[in-house]
Amino acid sequence: MFANKKGWKKIVAASVVGALFAGAAHAAEFNFTFAHVLVESTPNAKAAVKFKEEVERNSNGRIAINIRPAAQLGGDVEIIEQTQMGLVHIAIPPTGNLANFEPKMYLFDLPFLLPNTASMKRVLDGEVGRELLDTLDKSNLYGVNFWGAGFRHMTNNVRPITGPDDLKNIKMRTLQAPAILATYRAFGANPTAMAFTEVYNGLQQGVVEGQENPLANIYSMRFHEVQKYMTLTGHAYHTYVAVMNKAAWNSLPDDLKQVMRDAFDAGRDHGRQLTDDDEARIVAEIKDKIEIRELTPEGRAAFIEKSQPIYKQFENRVTPALLEKAVKAAAGN
Numbered sequence: 417m418f419a420n421k422k423g424w425k426k427i428v429a430a431s432v433v434g435a436l437f438a439g440a441a442h443a444a445e446f447n448f449t450f451a452h453v454l455v456e457s458t459p460n461a462k463a464a465v466k467f468k469e470e471v472e473r474n475s476n477g478r479i480a481i482n483i484r485p486a487a488q489l490g491g492d493v494e495i496i497e498q499t500q501m502g503l504v505h506i507a508i509p510p511t512g513n514l515a516n517f518e519p520k521m522y523l524f525d526l527p528f529l530l531p532n533t534a535s536m537k538r539v540l541d542g543e544v545g546r547e548l549l550d551t552l553d554k555s556n557l558y559g560v561n562f563w564g565a566g567f568r569h570m571t572n573n574v575r576p577i578t579g580p581d582d583l584k585n586i587k588m589r590t591l592q593a594p595a596i597l598a599t600y601r602a603f604g605a606n607p608t609a610m611a612f613t614e615v616y617n618g619l620q621q622g623v624v625e626g627q628e629n630p631l632a633n634i635y636s637m638r639f640h641e642v643q644k645y646m647t648l649t650g651h652a653y654h655t656y657v658a659v660m661n662k663a664a665w666n667s668l669p670d671d672l673k674q675v676m677r678d679a680f681d682a683g684r685d686h687g688r689q690l691t692d693d694d695e696a697r698i699v700a701e702i703k704d705k706i707e708i709r710e711l712t713p714e715g716r717a718a719f720i721e722k723s724q725p726i727y728k729q730f731e732n733r734v735t736p737a738l739l740e741k742a743v744k745a746a747a748g749n
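Counting from 417, one number per residue, gives the positions in the sequence shown under the working numbering.
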């Protein structure tokens, strides 16, 4: 009887705790869905969890976040559209996809604009970033801040890339982004837009000979298994925009808006730190499987010189004033 009584007490206690948690969940004043396409092991998927934890703790349960990862609700374009309609409340799409709604986002596809992490933070986290985020208002989105997956690098199967001339006639897979396609044409390559999920087979079968991505994407998709050469060009930062449905954002009182802003910043910083940590590990793991080299100062200078026509070509879409401001901020001026 005594054992049964203890077991009964445990059941009652568990029921009470469960009821309390259920009550807390139902007590949330705001329930938001956060959708993204990233698999849960990636830095920014973990950053989304960090965001959720910060929001729910610091709002004392007034806000509940339901994360839907790994493209459960569709690809980036579908998620953007659902966020505009209010079917999804929070998203972190790449700037390349948002450029379809706001051409000024082409800024982040311009090669060698952001030479290092310090310049990236000055641009993304400063006045230029805020100006770009505010342009999303007309698309029924509130732009909160910028997350990211690290700097993009080049791999290929033809030859080591030491400067732009080495890209001549190489079939490079890129995003379906006009500025990126124009960049590789300027470098003398033959760029081809291809779905991310098809790239491994494309490289394996020779449909394309090279590609560009952050280290996390290269590693998670095992591109290093079907590529011979990698150059750590760091030619562009793979940027995500943390956005909310405008009506959902406006529904929040000022104190909870601040809780959300702080949590978005915590998520951003957590993702950046995890990305940095992962990149050192990835390079160490794959260095015996693919030839890895750093871009020399001379090689970087040659790439920058070849990139100037791209800036001219997209200057009016980004606007000359914003481009000038971004270049100055990147340089620390």
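Positions of the beta carbon are idealized from the N, C-alpha and C atoms, including for glycine.
- Annotated three-state conformation of residue 691 is helix, per DSSP.
- Pairing residue 545 with residue 567 gives a Cβ-Cβ distance that is not under 8 Å.
- Under the three-pair Cβ rule at 8 Å, the stretch 501-510 counts as touching the stretch 441-456.
- Contact between residue 479 and residue 471 holds, with the beta-carbon distance rounding to 5 Å and staying under 8 Å.
- Just so you know, the alpha carbons of residue 597 and residue 609 end up roughly 8 Å apart.
- With fewer than 16 other beta carbons inside 10 angstroms of its own, residue 488 counts as exposed.
- Cα atoms of residue 648 and residue 700: separation of roughly 14 Å, rounded to the nearest angstrom.
- Sequence-distant partners of residue 474 (beyond 5 residues in either direction) whose C-beta falls short of 8 Å from its own C-beta, in its chain, are 675, 678, 679.
- The three-state reading of DSSP puts residue 505 in coil, since its state is none of H, G, I, E or B.
- Between the stretch 600-619 and the stretch 531-542 there are fewer than three C-beta pairs closer than 8 Å, too few to call the two in contact.
- A contact between stretches requires three or more CB pairs, one per stretch, nearer than 8 Å, and the stretch 636-654 fails this requirement with the stretch 549-556.
- Pairing residue 588 with residue 628 gives a Cβ-Cβ distance under 8 Å.
- Distance from the CA of residue 497 to the CA of residue 611, rounded to the nearest whole angstrom, comes to 19 Å.
- With contact defined as three or more Cβ pairs closer than 8 Å, the stretch 576-590 and the stretch 631-641 are not in contact.
- With a threshold of 16 other beta carbon atoms within 10 Å, residue 747 falls short and is exposed.
- In the structure shown, residue 484 falls within a strand segment according to DSSP collapsed to helix, strand and coil.
- If you draw a straight line from the Cα of residue 605 to the Cα of residue 731, it comes to about 22 Å.
- Our two residues, residue 696 and residue 717, have alpha carbons roughly 25 Å apart in a direct line.
- Taking each of 590, 585, 584, 556 in turn and checking the Cα distance to residue 569, the smallest one comes out for 590.
- Between the beta-carbon of residue 602 and that of residue 725 there is about 6 Å, and that keeps the pair under the 8 Å contact cut.
- In this structure, residue 492 lies away from residue 455, with their beta-carbon atoms at least 8 Å apart.
- Your pair residue 738 and residue 547 checks out as a contact, with CB atoms roughly 7 Å apart and the cut at 8 Å.
- Boundaries of the beta strand (DSSP E) around residue 710: 707-710.
- Using a Cβ distance threshold of 8 Å, residue 528 and residue 654 do not count as a contacting pair.
- If you check the CB distance, residue 531 and residue 709 do not come in under 8 Å.
- Classified as exposed, residue 736 has fewer than 16 neighbouring CB atoms from the shown chains inside 10 Å of its CB.
- Between residue 600 and residue 665, the gap from beta carbon to beta carbon reaches 8 Å or more.
- Residue 586 carries a coil assignment under DSSP once its states are collapsed to helix, strand and coil.
- Here the alpha carbons of residue 521 and residue 555 stand approximately 13 Å from one another.
- DSSP places residue 660 in the uninterrupted beta strand (DSSP E) bounded by 645-661.
- Per the DSSP secondary-structure output, residue 528 pairs with nothing in a beta bridge.
- Rounded to the nearest whole angstrom, the C-alpha separation of residue 468 and residue 523 is 29 Å.
- The Cβ neighbour count for residue 572, taken over all protein chains shown within 10 Å, is at least 16; the residue is labelled buried.
- The three-state secondary structure of residue 479, taken from DSSP, is strand.
- Annotation note: the stretch 531-604 contains the following uninterrupted alpha helix (DSSP H) runs of length 4 or greater, listed N- to C-terminal: 533-540, 543-550, 594-602.
- Annotation for residue 466: 682, 683, 686 place their beta carbon closer than 7 Å to its own, counting only its chain and skipping 5 residues before and after.
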